[in-house]
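Input: a single structure, listed below in structure tokens.
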Amino acid sequence: MFLAGLGVVVLWASAFPAIRVAAPELGVAGPSLARLVVAAVALALLEPVLRV
Numbered sequence: 001m002f003l004a005g006l007g008v009v010v011l012w013a014s015a016f017p018a019i020r021v022a023a024p025e026l027g028v029a030g031p032s033l034a035r036l037v038v039a040a041v042a043l044a045l046l047e048p049v050l051r052v
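Take the sequence shown: its position 6, counting from 1, is numbered 6 in UniProt numbering, and each next residue is one higher.
What follows is the structure, encoded as structure tokens:
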């Protein structure tokens, strides 16, 4: 459980520098869309396991 929490913190913290680098080229919508797609895919993969 500790490693899962650590992974979440690392991914969450890495989003800020990634957005700062990507924003000038992609604008605001590009990184937002990418985050939405990643979250949707993750939830779609977890849905059968968690039965949400």
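For every residue, glycine included, the Cβ atom is placed at its ideal position computed from N, Cα and C. As the structure is a computational prediction, the values presented were derived from the model and not from experiment.
Check                                                                                      : Outcome
Span of the alpha helix (DSSP H), counted from its first residue to its last, around Arg20 : 2 to 26
Supposed contact pair Ala23 and Pro31 - C-beta distance, whole angstroms, cut 8 Å          : 6 Å
Val52 in three-state terms, based on DSSP                                                  : coil
Proximity winner among Val28, Leu50, Ala15, relative to Val38 (alpha-carbon distances)     : Ala15
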